[in-house]
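Remarks on the structure that follows.
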Ligand code: BGC
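Residue numbers (the working numbering): 123 to 393.
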């Protein structure tokens with residue numbers, strides 16, 4: 123993880139859910155590299171969260187870890203309280219925490235369905251609502267940020283690409299699209315920007331089994347015209363920019379960062 127650095131986010135405080143590993147960790151490190159103080163949320167991986175905090179503080183940044191299961195309302199409220207008690211307020215919330223519990227539709231249990239919807243979709247709703255409440259309670263700080271606050275939802279290419287064997291996951295990401303757009307419409311008059319980042323295949327633990335062997339990696343690359351798996355830092359750098367004043371006129375958008383995965387590569391020499 124080696125993000126670019128700047129003062130784009132200096133004086134701002136951010137909370138990144140699910141940032142003990144993977145894309146969330148890279149986003150936390152990138153926001154800190156651009157000057158933000160960061161709350162590193164984790165659900166179970168305390169050691170991972172501590173490692174991310176250490177990367178940030180060793181580089182001279184501000185960060186601390188908070189445990190919370192984003193699917194639990196009480197946990198989310200307690201996490202926001204800890205964040206604002208320590209930092210005073212928040213300017214950026216990245217609703218990133220997400221899981222996959224894969225099963226064919228014919229075999230999927232209600233528990234498998236519910237778990238993914240609870241974490242990926244309800245978890246983002248709860249964090250988005252608390253973020254908007256904190257931003258409006260705090261009021262404008264135009265010297266620090268043009269917007270009252272910035273919310274970034276971590277979506278996926280699967281908000282538009284159907285994904286057999288992952289109906290719970292794809293449905294959660296499709297839901298995030300309307301959660302983001304409807305909230306963006308509702309919150310724009312408050313000067314709160316809400317956007318999504320939709321990553322493709324990024325090298326993180328969530329898709330390790332799809333890249334484990336050279337044959338699997340080769341098969342995965344047939345879905346990626348740009349011919350490389352994404353780096354978590356790609357997403358971190360985009361999140362830092364999207365949260366900054368340089369992106370102040372962007373709201374209600376999903377930015378796909380996928381090496382062309384949504385370009386229907388199967389049609390390049392077919393159809
Ligand atoms: C999934 C990954 C997958 C990628 C592209 C992501 O949302 O979590 O497992 O590799 O989409 O299919």
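All C-beta atoms, glycine included, are put in the ideal place defined by N, C-alpha and C.
None of the values given here were measured: they were computed from a predicted structure.
Identity of the residues DSSP links to residue i by a beta bridge
i, result
"residue 314", "271"
"residue 383", "Answer is none; residue 383 lacks a bridge partner."
"residue 162", "138, 187"
"residue 362", "Answer by DSSP bridge pairing: none, since residue 362 is not bridged."
"residue 378", "320"
"residue 276", "319"
"residue 352", "324"
Beta carbon of residue i nearer than 8 Å to that of residue j
i, j, result
"residue 393", "residue 347", "no"
"residue 359", "residue 152", "yes"
"residue 249", "residue 318", "no"
"residue 167", "residue 193", "no"
"residue 187", "residue 197", "no"
"residue 137", "residue 243", "no"
"residue 174", "residue 357", "no"
"residue 365", "residue 214", "yes"
"residue 160", "residue 190", "no"
"residue 277", "residue 367", "no"
Pick from the options that is closest to residue i, judged by C-alpha positions
i, options, result
"residue 247", "358, 302, 128, 282", "302"
"residue 351", "359, 379, 190", "379"
"residue 105", "206, 134, 196", "Beyond the ends of the chain as shown, which are 123 and 393, falls residue 105; an answer cannot be given."
"residue 218", "147, 386, 131, 282", "147"
"residue 374", "245, 272, 291, 138", "272"
"residue 163", "139, 377, 145, 200", "139"
"residue 240", "267, 298, 339", "298"
"residue 127", "234, 330, 156", "156"
"residue 226", "315, 311, 288", "288"
"residue 355", "333, 323, 295", "323"
"residue 315", "216, 174, 286", "216"
"residue 262", "293, 340, 313", "313"
"residue 233", "391, 290, 175, 305", "290"
"residue 199", "283, 252, 149", "252"
"residue 222", "237, 229, 228, 185", "237"
"residue 305", "366, 254, 343", "254"
"residue 235", "328, 161, 293", "293"
"residue 388", "343, 377, 372, 366", "343"
"residue 285", "267, 384, 176", "384"
"residue 372", "307, 338, 280, 169", "307"
"residue 281", "376, 180, 158, 165", "376"
"residue 311", "339, 269, 328", "269"
"residue 195", "338, 283, 245", "245"
Where residue i falls, given that 16 or more other Cβ within 10 Å makes a residue buried
i, result
"residue 203", "exposed"
"residue 309", "buried"
"residue 370", "exposed"
"residue 326", "buried"
"residue 259", "exposed"
"residue 209", "buried"
"residue 361", "buried"
"residue 257", "buried"
"residue 336", "exposed"
"residue 331", "exposed"
"residue 132", "exposed"
"residue 345", "buried"
"residue 386", "exposed"
"residue 390", "exposed"
"residue 295", "buried"
"residue 141", "buried"
Any non-hydrogen atom of ligand 3 within 7 Å of residue i CB
i, result
"residue 278", "This structure does not include ligand 3; its bound ligands are ligand 1."
- Give, in chain order, every unbroken run of the beta strand (DSSP E) that is at least 3 residues long and sits entirely within the stretch 165-243. 185-189, 214-217
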